[in-house]
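**Student:**
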Amino acid sequence: MKFFVDTASLDEIREANDMGVLDGVTTNPSLMKKEGDVDFHERIFEICELVDGDVSAEVTATDFDGIMEEAHTLAKIHDNVVVKVPLILDGIKALNALRDEGIPTNCTLCFSPTQALIAAKAGATYISPFMGRVDDISSDGLNLVQQVVEIYDNYGYETEVLAASIRHPMHVVECARMGVDVATMPLDVIKKLLHHPLTDSGLERFLDDWADYQNQQKEAAAA
Ligand code: G3P
């Protein structure tokens with residue numbers, strides 16, 4: 010399972026990268042807004058230079074020509090760029106055209122299995138079902154991802170399932186059990202994956218006992 014970090018913050022990306030478990034990055038316009046006064050294209054280039062993996066950069070045009078123009082500009086920034094395209098009619102047309110041009114894509118804002126099916130037929134490199142946002146409206150984000158995985162498996166679609174809008178470690182566990190290809194998550198969730206209170210208390214006890222043992226050794230040597 011690949012881990013992507015869902016952020017446009019260089020500090021967060023560095024921190025995730027330093028753990029040695031990072032396979033890529035996803036960004037979106039809302040994550041860019043959080044960064045304040047930074048140039049979008051420059052930031053995408055900086056991220057690509059930091060990370061050895063795919064970096065999703067999103068178009069903001071909603072018409073075919075506009076999406077294609079932005080996609081070409083983004084793809085020129087760096088070889089790691091994956092163009093993020095919204096799951097709308099003109100987006101689907103653009104996915105087809107970008108596939109023909111060999112430009113990798115991440116089809117975003119997927120909330121139903123029918124949308125995921127269309128994206129796969131259009132040749133998206135990745136499909137991004139938004140788990141957390143489905144949960145937010147009292148529906149079942151896990152069930153959405155499960156249906157997408159099943160449909161893709163049935164037909165051997167090459168589009169990779171990139172679970173997005175992940176909010177907590179159990180989302181990641183369930184995705185891993187379903188065989189999802191990629192999980193993109195905030196740095197905070199990546200860090201939470203390694204925490205266990207029994208590890209903390211167990212380590213504390215080992216270190217205390219080690220200190221006691223060393224004191225015993227010293228006392229024995231002095232006697
Ligand atoms: O990258 C898109 C997705 O992960 C957004 O997550 O938490 O804003 O629903 P969220």
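Using the numbering used here, read the sequence shown as starting at 10 and increasing by one per residue. For glycine and all other residues, C-beta sits at the position ideal for the given N, C-alpha and C. Note that the structure is a prediction, hence the values are computed from the model and not measured.
1) In angstroms, rounded to a whole number, what distance separates the CA positions of residue 60 and residue 139?
2) Just checking, does the segment 82-89 make contact with the segment 123-130 on the three C-beta pairs under 8 Å criterion?
3) Count the other CB atoms within 10 Å of the CB of residue 137; is the residue buried (16 or more) or exposed (fewer)?
4) Take residue 91 and list the residues in its own chain whose beta-carbon comes closer than 6 Å to its own, dropping the five residues that flank it on each side.
5) Under three-state DSSP, which class holds residue 152?
6) Between which residues of its own chain and residue 183 is the CB-CB distance below 6 Å, once the five residues before and five after are set aside?
7) Helix or strand or just coil, what does DSSP make of residue 9?
8) Under 8 Å, do residue 106 and residue 94 count as touching if we go by C-beta distance?
9) Listed in chain order, which residues are found with a beta carbon closer than 6 Å to a heavy atom of ligand 1?
10) Rounded to whole angstroms, what is the Cα-Cα separation between residue 32 and residue 12?
11) So, is residue 135 buried or exposed, given that buried needs 16 or more other C-beta atoms within 10 angstroms?
12) Within its chain, find whatever has a CB closer than 6 Å to the CB of residue 108; leave out the 5 residues flanking it on each side and keep chain order.
13) DSSP three-state label for residue 38, please.
14) Can you check which of these residues, 224, 227, 199 and 225, is closest to residue 14 by C-alpha distance?
15) State the start and end residues of the unbroken beta strand (DSSP E) segment that holds residue 66.
16) Taking the C-alpha atoms as reference points, what is the distance between residue 145 and residue 39?
**Tutor:** Judging by the given coordinates:
1) When only Cα atoms are considered, residue 60 and residue 139 end up about 23 Å apart.
2) Touching, no, given that fewer than three Cβ pairs across the two stretches are closer than 8 Å.
3) So residue 137 counts as buried.
4) Spatial neighbours of residue 91 in its own chain (CB-CB distance under 6 Å, excluding positions within 5 residues in sequence) are listed in chain order as 63, 65, 113 and 115.
5) In the structure shown, residue 152 sits in a helix (DSSP, three-state: H, G or I).
6) Here residue 183 has 151 as same chain residues with Cβ atoms under 6 Å from its own Cβ, once five neighbours each way along the sequence are excluded.
7) Because the chain spans 10 through 232 in this model, residue 9 falls outside it and cannot be assessed.
8) Result no, Cβ atoms of residue 106 and residue 94 do not sit closer than 8 Å.
9) This criterion selects 15, 35, 37, 139, 141, 142, 173, 174 and 193.
10) Roughly 5 Å between the two C-alpha positions.
11) Flag for residue 135 reads buried.
12) Only 132 meet the Cβ criterion.
13) In the three-state scheme derived from DSSP, where H, G and I count as helix and E and B as strand, residue 38 is classed as helix.
14) Ranking 224, 227, 199 and 225 by Cα distance to residue 14 puts 199 first.
15) Segment 63-67, the beta strand (DSSP E) holding residue 66.
16) Taking the straight line joining both Cα atoms gives about 18 Å.
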